[in-house]
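First comes the structure, then the notes that go with it.
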Amino acid sequence: MSDADAFSALNTIHDAPGSPDSPATGPGRTLAGDAWETLRSSWIFWGSLVLIGVLVVMAIFPGLFTSVDPASCQAARARISPSSSAWFGYDVQGCDIYARTIYGARASIVVGTIATLTAMLIGGGIGVYAGFYGGIIDTLLSRITDIFFSIPVLLGSIIILTSIPTPSGSAIFSILKVSAALAVLGWTHTARVARSSVIQVKQADFVSASRALGASRTWMIRKHILPNAIAPVIVITTISLGSYIGAEATLSYLGIGLQPPVISWGIAINDAAAYVRSTPHMLFFPAIFLSLTVLAFISLGDVVREALDPKAM
Amino acid sequence: MVSAEITRRPTDKESLLQVKGLVKHFPLRRGIVIKRQIGAVQAVDGVDLEVYPGETLGVVGESGCGKSTLARLLVGLEKPTAGAVTVLGRDLIGARGAGLKAFRRDVQMIFQDPYTSLNPRMTVGDIIGEPFEIHPDVVPKNKREARVRELMALVGLSPEHIDRYPHQFSGGQRQRIGIARGLALNPKLLICDEPVSALDVSVQAQVINLLQDLQHQLGISLIFIAHDLSVVRHIADRVAVMYLGRIVEIGDQELVYSNPQHPYTRALLSAVPVPDPTLRGMVGQIVLEGDPPSPADPPSGCRFRTRCWKAQDVCAEVDPQLRDLAGVQAACHFPGP
Amino acid sequence: MAEIDPTAPLLQVRDLNVLFRTRDGVAHAVNGVDLDLASGQTLAVLGESGSGKSVTAQAIMGILDMPPAEITSGTIKFRGQDLLTMPEKVRRTYRAQKISMVFQDALSALNPVYQVGFQIGELFTVHRGMSRKEAKEKSIELMDRVRIPAARSRVNDYPHQFSGGMRQRIMIAMAIALDPDIIIADEPTTALDVTVQAQIMELLAEMREQTGSGLILITHDLGVVAEVADRISVMYAGRVVEHGTAEEVFAKPAHPYTRGLLDSMPKLIGEGSRLYAIPGLPPSLTNVPPGCPFAPRCPRAVDVCRHDPPPPEIELWSQRTSACHFAEEVLTHGVR
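What follows is the structure, given as structure tokens:
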């Protein structure tokens, strides 16, 4: 068959280089690289990143934003509305709200970060372990997760926080206590996500291939499971940051979270709540900052999740 | 069918792989904390086979017949419920540690789905090089990259692409990467689990030709698992037909295809659409009634009897065993046309 | 509803162009496709992945996601009425009633939380205004027609309780429910075992004969095409490269791609050794090379093939075309 000959002459074992090859040829394009391409062009990404950047700087160097001492309060200035000398006005004790709002960023972000990292380590570890080993270990760890999951966050925090006394005046202890309480109750979300992510990756053929090659369990977890299972965990971590900050504010508002002399938005909101109808500015500004911070983190998490979503090629 | 001209009069000493009475039942459990076993999916239920050096054994069957489970058992990804598997005289079942690792070097697998069989976060070079990191004594560290490039060229990939990621390749190319990985440790037996089922027709031909060429070049044996009978015909020396966890017919490919003894083989062959419109309606097609039974609840006696047009009482009572019939082996009380 | 001209051809697609806006650029999925379908006829649209056959089918059905898809030009005339210029309301009445579709994967095409009888019956309650009870009776009737055993007792079962082949029968039942003029089957048997495939193809052929409707079969399986198709349109990289009757195309293909496809197909009969494989890969749809899209892989390609304009559809005789500069030669002498 001459046709067959014609074709087999071309049928060398090699794909001719330069043949109509895979699209977008070039140096290795990682999935992370692809994600970056998506993120780079998203204004939500840049917007939330900038906002978070500003807030982080605010937390580390509050002095850059205001020269006023947030602790210098004069009763005579109580509840004065915003003016050119005090942009956000004064609160019920006569403290500069602008200064307190700026300084408040630190507590909120520190608590949020510590709580999130702790939760990620505990939850991630438990989730990966349960997902990978399966069987009785999975059953045991999942039931433990369920138990913690069913504890109402607010109620649980109240119990934890009220039963551990804070040496008065110790800001660090207060911050750590609140972070710990939130992490202890919040790790379950991360654990669930990590577990299901690991279970899903575990079933992929490339993991079986590695096993068929004789890989040890540690090798498989390190090289195959973790890199592929981590994306959803990163997403939930970024989103949780926002909700931990909100939770801290709630606890501080209720009076059981951070205690003075720590300055936090939650405390500011608590102080201002009673006067919302007469002098709303006291509530307005800390509340806005809180909302914007939570929004920034959640948006970032959302947009990162979409970018990391492997798209069909 | 040109293959390495080995005399096909093997004795037990010559066989590369020997499987006897292989069984794999997956227990069905129910319960929340304490699970009880309420039954079992009899995925593989008593399989005997042998594979000789340099030959290709095709394993055909439809979904649920157990061929994929068989593949996983042979490569050590599943532990059998019963039975024995011997490779080059060494027992697989009891193997541990160093013995198991040695086995891994002799038997490797190629997976069906080119999109899930490669770690999307590893470069091609890392994927093909992974076997060398798990078995560091096979290739010294400084020679590994060269060897990876060699393997890439061997399977028809451009070695310049060593730093690319799987998603930058097409399905057919990804399968080639999988084949390169499977060959890295110089195995004696390569188990191909439906390697071309997920590929387009024109790419299928490329990969099938590649596997054939590699077999001739390297002298390896292949177990080629597929549901497509026409594909198996082009590559297999011998063919085994599976139904519901058992082999119902096994023998020389030409004999099985030209004179099938088991009714299921007949039905399978007749169901393959004939690519010639002028023959439409002329090929007596056997259309099987109904669905295959569930492997968790196989019929008594001969498992095929519920869909077999020849079924008699004896088929429900006595389970037919494989016996020599017209040059092949078939398990049927009423074999032949 | 607009007037339907009973003398106009059942379906006529002319110069259909569909593109997709993706992150990597614009993918030209369908490039100037013409198709014809007459009543009672089975047209097979044959092509591999990336050929644009599914997109064409979806465009005819009107179920493309737009964006990211965009139909940039072309007409799809159903008995003389252009579906693309119709108002959406009218177009919607055509779906299921005049043109229906059988999808590849019945498990994802059927709603898992509704009973099968309900899903089939929905067609009657929505489009024919029947009561639930009447619709249920109709469902049972249809399930009988597609030979689902014990239809009356299974009408209340859920999709996952059926096997793959049975689910496909349910999809076919839904497709023929309202007596459509055209049934489009998009790879209806690809996900099925060979023995079940045979059953389903037999069923489709029977249904088509019973209802006298036209069948468009989208597939890459040459064997299936040979069994049921009257006419074949071969697609490659978004273009139709060959039109003809099934006998004509199989016996004497007039395009190098079709020739290559036929040669590379594993067969049960004939020589049983080395397969002939078309070298290389199909072009990426975002980066189609100039000239003939098949040129980089064609043993017959010469300079003219690699430059624009791409080869026109050469009419060899009535309703037999090939988009190759050397169509006549390929037809008579094969690919040299």
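Protein chains in written order, with the numbering used here: chain A, 6 to 318; chain B, 86 to 422; chain C, 1256 to 1591.
Using N, Cα and C, we set each Cβ at its ideal position, and we do this for glycine too.
No experiment lies behind these values; they were computed from the predicted model shown.
Open item on the list: Can you tell me whether B:G179 is buried or exposed? The criterion is at least 16 other CB atoms within 10 Å of its CB, across all chains shown.
Closed with: Exposed, because fewer than 16 other Cβ atoms sit within 10 Å of the Cβ of B:G179.
Task: Proximity winner among C:S1408, C:R1278 and C:S1294, relative to A:T43 (alpha-carbon distances) - done: Nearest of C:S1408, C:R1278 and C:S1294 to A:T43, Cα basis: C:R1278.
Open item on the list: Going by DSSP in three states, B:H67 sits in which element: helix, strand or coil?
Closed with: Outside the displayed range of chain B (86 to 422) lies residue 67 of chain B, so it cannot be described from this structure.
TODO: With a floor of 3 residues, list each beta strand (DSSP E) that falls wholly inside the region 274–307 of chain B, ordered by position along the chain.
DONE: With a minimum length of 3 residues, the unbroken runs of beta strand (DSSP E) contained wholly in the region 274–307 of chain B fall at 274–278.
Open item on the list: In the DSSP assignment, the beta strand (DSSP E) including C:F1333 goes from what residue to what residue?
Closed with: For C:F1333, the uninterrupted beta strand (DSSP E) segment begins and ends at A1324 to F1333.
TODO: Using the Cα positions of C:P1367 and B:I213, report the straight-line distance between them to the nearest angstrom.
DONE: Between the alpha carbons of C:P1367 and B:I213 lies a gap of roughly 41 Å.
Task: Beta-carbon proximity list for C:Q1296, same chain, < 6 Å, skipping 5 on both sides - done: A distance below 6 Å between beta-carbons, with the five flanking residues on each side excluded, links C:Q1296 to the following residues of its chain, in chain order: G1469 and D1485.
Open item on the list: From the DSSP secondary-structure annotation, give me the bridge partner or partners of A:Y95.
Closed with: Per DSSP, A:D101.
TODO: Select from the region 1518–1541 of chain C all residues with a C-beta closer than 7 Å to any C-beta belonging to chain B, and list them in chain order.
DONE: Contact residues of the region 1518–1541 of chain C toward chain B are S1519, M1520, P1521, K1522, L1523, G1527, S1528, R1529, L1530, Y1531, A1532, I1533 and L1536 (C-beta to C-beta distance below 7 Å).
Task: Among C:T1576, C:L1477, C:P1544 and C:A1501, the one whose alpha carbon lies nearest that of C:H1510 - done: The residue with the shortest Cα to Cα distance from C:H1510 is C:T1576.
Open item on the list: Tell me which residues of the region 203–236 of chain A have at least one Cβ-Cβ distance to chain B shorter than 9 Å, keeping chain order.
Closed with: Close to chain B, meaning a Cβ-Cβ distance shorter than 9 Å, are the following residues of the region 203–236 of chain A: Q208, A209, D210, F211, V212, S213, A214, S215, R216, A217, L218, G219, A220, S221, W224, K228, H229, P232 and N233.
Open item on the list: Rounded to the nearest angstrom, what separates B:Q103 and B:A169 at their Cα positions?
Closed with: Note on geometry: alpha-carbon atoms of B:Q103 and B:A169 lie some 8 Å from one another.
- [ ] Thinking A:V198 and A:G136 are a contact (beta carbons under 8 Å), I'd like their distance in whole angstroms, please.
- [x] Not a contact, Cβ separation roughly 10 Å.
Task: Whole runs of the alpha helix (DSSP H) within the region 1504–1580 of chain C, excluding any shorter than 4 residues - done: Whole alpha helix (DSSP H) segments, 4+ residues: 1511–1519 and 1558–1561.
Task: Buried/exposed call for A:Y138, threshold 16 Cβ in 10 Å - done: Exposed, because fewer than 16 other Cβ atoms sit within 10 Å of the Cβ of A:Y138.
- [ ] Return the CA-CA distance between B:T391 and B:P384, expressed in angstroms with no decimal places.
- [x] Looking at the two C-alpha atoms, the distance is approximately 7 Å.
Open item on the list: Can you tell me whether A:D26 is buried or exposed? The criterion is at least 16 other CB atoms within 10 Å of its CB, across all chains shown.
Closed with: Low per-residue confidence applies at A:D26: pLDDT is 39, beneath 50, and the placement is therefore not dependable, though the value from the model is reported in the following sentence. Around the Cβ of A:D26, a 10 Å sphere holds 16 or more other Cβ atoms; the residue is buried.
- [ ] Take every Cβ of the region 307–321 of chain B, pair it with every Cβ of the region 119–131 of chain B, and state whether three or more of those distances are shorter than 8 Å.
- [x] In this structure the region 307–321 of chain B does not touch the region 119–131 of chain B; the number of beta carbon pairs closer than 8 Å is below three.
- [ ] Write down every uninterrupted run of the alpha helix (DSSP H) in the region 150–179 of chain B whose length is 4 residues or greater and which is fully enclosed by it, in chain order.
- [x] Annotation: the region 150–179 of chain B contains the following complete segments of the alpha helix (DSSP H) (minimum length 4 residues), in chain order: 152–159.
- [ ] Anything in the region 1289–1305 of chain C with a Cβ closer than 9 Å to a Cβ of chain B? List those residues in chain order, please.
- [x] Of all residues in the region 1289–1305 of chain C, the ones placed with a Cβ closer than 9 Å to any Cβ belonging to chain B are E1303, S1304 and G1305, in chain order.
Open item on the list: I want to verify the contact list: residues of chain B whose CB lies under 7 Å from the CB of C:A1453, in sequence order.
Closed with: Result: A356, Q370 and V372.
- [ ] Leaving out five residues on either side along the sequence, give the residues of the same chain with a beta carbon under 6 Å from the beta carbon of C:G1317.
- [x] The residues are R1346.
TODO: Return the Cβ separation of C:N1272 and C:T1327 in integer angstroms, given the expectation that the two are a contact with Cβ distance under 8 Å.
DONE: Between C:N1272 and C:T1327, the beta carbon gap of about 5 Å places them in contact (Cβ cut-off 8 Å).
Open item on the list: Need the endpoints of the alpha helix (DSSP H) that B:Y328 sits in, please.
Closed with: Following the DSSP letters along the chain, one finds B:Y328 in no alpha helix (DSSP H) but inside the beta strand (DSSP E) bounded by residues R323 to Y328.
- [ ] Determine the closest residue to B:S153 out of B:L268, B:E99, B:Q127 and B:L299, with distance taken between C-alpha atoms.
- [x] With distances taken between Cα atoms, B:S153 lies closest to B:Q127.
- [ ] Tell me the start and end of each unbroken beta strand (DSSP E) in the region 314–390 of chain B that is at least 3 residues and wholly inside, in chain order.
- [x] Listed in chain order, they are 323–328 and 331–337.
Open item on the list: For A:D151 and A:R227, what's the separation of their Cα atoms in angstroms?
Closed with: Using only the alpha carbons, I get a separation of about 27 Å.
- [ ] Starting from C:S1355, follow its DSSP beta bridges and name the residues at the other end.
- [x] Per the DSSP secondary-structure output, C:S1355 pairs in a beta bridge with C:I1438.
Task: CB contact check: B:E245 to chain C, cutoff 8 Å - done: Under the Cβ criterion of 8 Å, B:E245 is not counted among the residues facing chain C.
- [ ] Using a threshold of 8 Å, state whether the C-beta atoms of A:A124 and A:S245 are closer than that.
- [x] Taking 8 Å as the Cβ cut-off, A:A124 and A:S245 qualify as a contacting pair.
Task: DSSP state of C:T1277 mapped onto helix, strand, coil - done: It is a strand residue.
- [ ] Using only alpha-carbon positions, find the residue among B:L173, B:V286, B:V341 and B:H312 that is nearest to C:Q1452.
- [x] Comparing Cα-Cα distances from C:Q1452 to each of B:L173, B:V286, B:V341 and B:H312, the minimum goes to B:H312.
Open item on the list: Please state whether the Cβ-Cβ distance between C:D1441 and C:L1265 is less than 8 Å.
Closed with: Between C:D1441 and C:L1265, the C-beta spacing is not below 8 Å.
Task: Proximal residues to C:V1240 (C-beta, below 8 Å), its chain only, five neighbours per side dropped - done: As displayed, chain C neither begins before 1256 nor continues past 1591, which places residue 1240 of chain C out of reach and without an answer.
TODO: Starting from the beta carbon of C:T1597, find every residue of chain B whose beta carbon is closer than 7 Å, and list them in chain order.
DONE: No statement about residue 1597 of chain C is possible, as the shown extent of chain C runs from 1256 to 1591 and does not include it.
- [ ] Determine which residues share a DSSP beta bridge with B:F309 and list them.
- [x] BP columns for B:F309 point to B:G143 and B:C277.
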